[in-house]
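Residue numbers (our numbering): 382 to 541.
Here is the structure:
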(Lines of atoms letter the chains of each structure in order from A; the text may use other names.)
(Lines give C-alpha, C1' and ligand atoms only; values in the text may rest on other atoms or scores of the structure.)
Protein backbone atom coordinates (compact mmCIF):
# COMPACT_ATOMS: atom_id res chain seq x y z
CA UNK A 382 0.00 0.00 0.00
CA UNK A 383 1.60 3.29 -1.08
CA UNK A 384 2.20 5.92 1.57
CA UNK A 385 1.10 9.52 0.92
CA UNK A 386 3.82 12.10 1.49
CA UNK A 387 2.66 15.55 2.53
CA UNK A 388 4.70 18.72 2.90
CA UNK A 389 7.15 20.77 0.91
CA UNK A 390 10.40 19.77 -0.63
CA UNK A 391 13.59 21.62 0.21
CA UNK A 392 13.62 23.17 -3.27
CA UNK A 393 10.09 24.56 -2.84
CA UNK A 394 10.97 26.06 0.55
CA UNK A 395 14.12 27.69 -0.86
CA UNK A 396 12.12 29.26 -3.70
CA UNK A 397 9.52 30.67 -1.27
CA UNK A 398 12.21 32.07 1.03
CA UNK A 399 13.99 33.67 -1.95
CA UNK A 400 10.80 35.31 -3.17
CA UNK A 401 10.05 36.63 0.35
CA UNK A 402 13.58 38.01 0.58
CA UNK A 403 13.19 39.88 -2.70
CA UNK A 404 9.82 41.31 -1.61
CA UNK A 405 11.28 42.46 1.71
CA UNK A 406 14.24 44.03 -0.08
CA UNK A 407 11.87 46.39 -1.90
CA UNK A 408 9.20 46.70 0.79
CA UNK A 409 11.21 47.72 3.87
CA UNK A 410 12.72 50.99 2.52
CA UNK A 411 9.37 52.21 1.22
CA UNK A 412 7.73 51.33 4.55
CA UNK A 413 10.42 53.32 6.39
CA UNK A 414 9.76 56.33 4.14
CA UNK A 415 6.04 55.94 4.76
CA UNK A 416 6.58 55.98 8.54
CA UNK A 417 8.82 59.09 8.32
CA UNK A 418 6.30 60.91 6.14
CA UNK A 419 3.45 59.95 8.43
CA UNK A 420 5.36 61.11 11.53
CA UNK A 421 6.07 64.47 9.87
CA UNK A 422 2.43 64.98 8.90
CA UNK A 423 1.20 63.94 12.35
CA UNK A 424 3.48 66.41 14.13
CA UNK A 425 2.59 69.24 11.72
CA UNK A 426 -1.07 68.55 12.45
CA UNK A 427 -0.30 68.57 16.19
CA UNK A 428 1.17 72.07 15.91
CA UNK A 429 -1.79 73.29 13.84
CA UNK A 430 -4.20 71.79 16.37
CA UNK A 431 -2.41 73.65 19.17
CA UNK A 432 -2.72 76.92 17.26
CA UNK A 433 -6.43 76.35 16.64
CA UNK A 434 -7.02 75.35 20.25
CA UNK A 435 -5.23 78.47 21.54
CA UNK A 436 -7.33 80.63 19.23
CA UNK A 437 -10.55 78.94 20.35
CA UNK A 438 -9.60 79.26 24.03
CA UNK A 439 -8.89 82.98 23.60
CA UNK A 440 -12.36 83.52 22.16
CA UNK A 441 -14.04 81.25 24.72
CA UNK A 442 -12.31 82.85 27.73
CA UNK A 443 -12.54 86.35 26.24
CA UNK A 444 -8.88 87.11 27.02
CA UNK A 445 -5.39 86.58 25.63
CA UNK A 446 -3.96 83.09 25.25
CA UNK A 447 -0.27 82.68 24.45
CA UNK A 448 1.64 79.89 22.71
CA UNK A 449 5.34 79.97 23.59
CA UNK A 450 8.19 77.65 22.62
CA UNK A 451 9.67 75.65 25.49
CA UNK A 452 13.25 76.52 24.52
CA UNK A 453 13.81 79.32 22.02
CA UNK A 454 17.61 79.24 22.29
CA UNK A 455 18.11 77.35 18.99
CA UNK A 456 17.25 79.73 16.13
CA UNK A 457 16.76 76.88 13.68
CA UNK A 458 14.55 74.78 15.97
CA UNK A 459 12.99 77.03 18.61
CA UNK A 460 9.62 75.22 18.62
CA UNK A 461 11.12 71.70 18.31
CA UNK A 462 11.67 71.18 22.06
CA UNK A 463 7.93 71.65 22.54
CA UNK A 464 5.59 74.51 23.37
CA UNK A 465 3.06 75.56 25.96
CA UNK A 466 -0.35 77.21 25.83
CA UNK A 467 -0.85 79.62 28.71
CA UNK A 468 -3.35 82.11 30.03
CA UNK A 469 -1.33 85.06 31.42
CA UNK A 470 -3.86 85.43 34.25
CA UNK A 471 -3.28 81.86 35.50
CA UNK A 472 -0.20 80.34 37.10
CA UNK A 473 -0.26 76.96 35.35
CA UNK A 474 -0.04 76.21 31.64
CA UNK A 475 -3.29 75.14 29.99
CA UNK A 476 -1.53 72.64 27.77
CA UNK A 477 2.08 71.57 27.31
CA UNK A 478 3.27 69.78 24.18
CA UNK A 479 6.38 67.62 24.49
CA UNK A 480 9.42 67.83 22.22
CA UNK A 481 9.12 66.61 18.66
CA UNK A 482 10.18 62.97 18.26
CA UNK A 483 13.34 61.85 16.52
CA UNK A 484 15.07 64.29 14.23
CA UNK A 485 12.08 66.54 13.51
CA UNK A 486 12.61 70.28 13.81
CA UNK A 487 10.12 73.16 13.88
CA UNK A 488 11.47 76.58 13.01
CA UNK A 489 9.37 79.71 13.35
CA UNK A 490 9.98 83.30 12.28
CA UNK A 491 13.01 84.80 14.03
CA UNK A 492 11.06 87.95 14.89
CA UNK A 493 8.28 86.03 16.63
CA UNK A 494 8.96 84.94 20.24
CA UNK A 495 5.38 83.80 20.95
CA UNK A 496 1.90 83.62 19.44
CA UNK A 497 -0.63 85.73 21.35
CA UNK A 498 -4.30 85.36 20.44
CA UNK A 499 -6.66 88.07 21.67
CA UNK A 500 -10.32 87.67 22.63
CA UNK A 501 -11.45 88.02 19.00
CA UNK A 502 -9.19 85.17 17.85
CA UNK A 503 -6.75 87.47 16.05
CA UNK A 504 -2.99 87.35 16.50
CA UNK A 505 -1.65 90.38 18.36
CA UNK A 506 1.40 92.17 17.01
CA UNK A 507 1.37 90.48 13.61
CA UNK A 508 0.73 92.23 10.33
CA UNK A 509 2.04 89.66 7.84
CA UNK A 510 1.58 85.92 7.46
CA UNK A 511 3.99 83.94 9.63
CA UNK A 512 5.68 80.83 8.22
CA UNK A 513 6.79 77.83 10.28
CA UNK A 514 8.92 75.09 8.74
CA UNK A 515 8.80 71.55 10.10
CA UNK A 516 11.54 69.29 8.69
CA UNK A 517 12.93 65.81 9.14
CA UNK A 518 16.48 64.56 8.58
CA UNK A 519 15.67 63.57 4.97
CA UNK A 520 15.00 67.24 4.00
CA UNK A 521 11.27 66.59 3.65
CA UNK A 522 9.05 69.09 5.36
CA UNK A 523 5.81 70.94 5.84
CA UNK A 524 5.44 74.67 5.44
CA UNK A 525 2.82 75.90 7.91
CA UNK A 526 1.46 79.38 7.23
CA UNK A 527 -0.35 81.31 9.95
CA UNK A 528 -2.34 84.41 9.03
CA UNK A 529 -3.09 87.39 11.25
CA UNK A 530 -6.64 86.12 11.66
CA UNK A 531 -5.33 82.84 13.10
CA UNK A 532 -6.07 80.72 10.05
CA UNK A 533 -3.54 78.02 9.17
CA UNK A 534 -2.56 76.22 6.01
CA UNK A 535 0.14 73.70 5.26
CA UNK A 536 1.88 72.30 2.25
CA UNK A 537 4.66 69.82 1.69
CA UNK A 538 8.02 71.32 0.88
CA UNK A 539 11.71 70.53 0.60
CA UNK A 540 13.74 71.81 3.52
CA UNK A 541 17.03 73.66 3.15
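We treat Cβ as the ideally placed atom computed from N, Cα and C, and that holds for glycine.
Distance between residue 407 and residue 520, taken at the CA atoms: about 22 Å. With a contact defined as Cβ atoms closer than 8 Å, residue 436 and residue 498 qualify at about 5 Å. The Cβ atoms of residue 513 and residue 487 lie closer than 8 Å to each other. Within a 10 Å sphere around the beta-carbon of residue 466 sit 16 or more other beta-carbons, which makes this residue buried. Within the region 422-492, the complete beta strand (DSSP E) runs of at least 3 residues fall at 446-450, 464-467, 476-478, 486-488. Ranked by how close their Cα comes to the Cα of residue 445, the residues 412, 395, 394, 502 have 502 in first place. In this structure residue 536 is exposed. Its beta-carbon is surrounded by fewer than 16 other beta-carbon atoms within 10 angstroms.
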